[in-house]
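Working notes for the structure below.
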Amino acid sequence: MSVKEKSSIRHTLPTPESSPPAPQEASPAPGGWQRWLPVVLVRSTLFEIGRIASMIFFAVTGQFLWPFSFKVRYRYMTLWGKFTLWWLKVTCGIRYQVEGCKNIDTRKNGLIFARHESAWETIALQSIFPPQVYVLKKELLQIPFFGWGMALLHPIALDRKAGRKALQKLVSEGLKRLQAGLWVAIFPEGTRMPPGVLGEIKIGGPMLAAKADVPSYLVAHNAGEMWPKNSFLKYPGTIRVVISEPFNFYGQPPKQIAQQMKAWFAAHLLSRAGGEPAVT
17 MSVKEKSSIR
27 HTLPTPESSP
37 PAPQEASPAP
47 GGWQRWLPVV
57 LVRSTLFEIG
67 RIASMIFFAV
77 TGQFLWPFSF
87 KVRYRYMTLW
97 GKFTLWWLKV
107 TCGIRYQVEG
117 CKNIDTRKNG
127 LIFARHESAW
137 ETIALQSIFP
147 PQVYVLKKEL
157 LQIPFFGWGM
167 ALLHPIALDR
177 KAGRKALQKL
187 VSEGLKRLQA
197 GLWVAIFPEG
207 TRMPPGVLGE
217 IKIGGPMLAA
227 KADVPSYLVA
237 HNAGEMWPKN
247 SFLKYPGTIR
257 VVISEPFNFY
267 GQPPKQIAQQ
277 MKAWFAAHLL
287 SRAGGEPAVT
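Start counting the sequence shown at 17; every next residue gets the next number (the numbering used here).
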């Protein structure tokens, strides 16, 4: 590929078929970090102690807020997310920078379609976008403490085994949340993916985007490099977040919307092949 072609890739949307081959999932001890693993282990342990203790505190105390409005509950529960991001920076040296905040029009609520590589984005999106609800699998609400706290935020909980009924619920409940002035956050791939691996876009999100006359924002990041999927260890570094300009998917065929989403995400794969974090 010529230099000119490389420079133009940011301004064009490749077809999903042109996406690069999927790299292998990162190993538990990425290259360059073996000798630092004892330090990483200690720092990760400190983080988890603080994260779990604070989660229990907010989940329990938050139960007293059920009589209050969603706005009150949201403000209180998102304090946990802000604390967790701060504690992650203090203990594990993980920071983040956001590109495209100016693209967010806070005067009108919308849809958030974010890549899902880590647990990090489920916490950080609340600090980047206005008040929002998540689309998630209903099993998450059954997790002690975490589920109790999440229930306070009025999520759209889906039964994945329900098939078409789940899709119908996503669209109907999503439209209700939007009409109430809330944002709706969706992980369009449906599950966490290894760094640098782009999964298929599930049709539920595009179906909602086609029915909702609101802007849609796509969010790419490389959190899976610093906070890998199913990994206790967290590696120091700066997570890069990129927010797209608003898309207007209203009235378009859902399959066409899914193709546009996949093309944008393919052009903004921020994780390195294999997901190995840089030694900093």
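For every residue, glycine included, the Cβ atom is placed at its ideal position computed from N, Cα and C. Bear in mind the structure is a predicted one, so any value in this text is a computation, not a measurement.
Would you give the residue range spanned by the alpha helix (DSSP H) that residue i belongs to?
i           : result
residue 98  : 86-108
residue 279 : 270-283
The beta strand (DSSP E) that contains residue i, what's its start and end?
i           : result
residue 129 : 127-130
residue 254 : 253-259
residue 199 : 199-202
Put residue i into one of helix, strand or coil per three-state DSSP.
i           : result
residue 183 : helix
residue 59  : helix
residue 263 : strand
residue 76  : helix
residue 239 : helix
residue 51  : helix
Give me the DSSP bridge partner(s) of residue i.
i           : result
residue 153 : 174
residue 232 : 127, 263
residue 113 : 256
residue 158 : Residue 158 is not bridged to any residue.
In whole angstroms, what separates the C-alpha of residue i from that of residue j?
i           : j           : result
residue 52  : residue 137 : 25 Å
residue 257 : residue 282 : 15 Å
residue 201 : residue 54  : 36 Å
residue 285 : residue 212 : 6 Å
residue 157 : residue 82  : 16 Å
residue 168 : residue 154 : 14 Å
residue 203 : residue 141 : 11 Å
residue 188 : residue 270 : 15 Å
residue 88  : residue 241 : 34 Å
residue 177 : residue 115 : 37 Å
residue 33  : residue 215 : Note that residue 33 scores a pLDDT of 37, beneath 50, so its modelled location is shaky; the value from the coordinates is reported in the next line. Residue 33 and residue 215: Cα-Cα distance of roughly 12 Å.
residue 77  : residue 71  : 10 Å
residue 102 : residue 217 : 32 Å
residue 247 : residue 275 : 31 Å
Subject >> Segment contact, 8 Å Cβ cut-off, at least three pairs: the segment 268-287 with the segment 140-159 >> reply: no
Subject >> At least three beta-carbon pairs within less than 8 Å, the segment 227-239 to the segment 124-141 >> reply: yes
Subject >> Three or more C-beta pairs below 8 Å linking the segment 170-185 and the segment 247-266 >> reply: no
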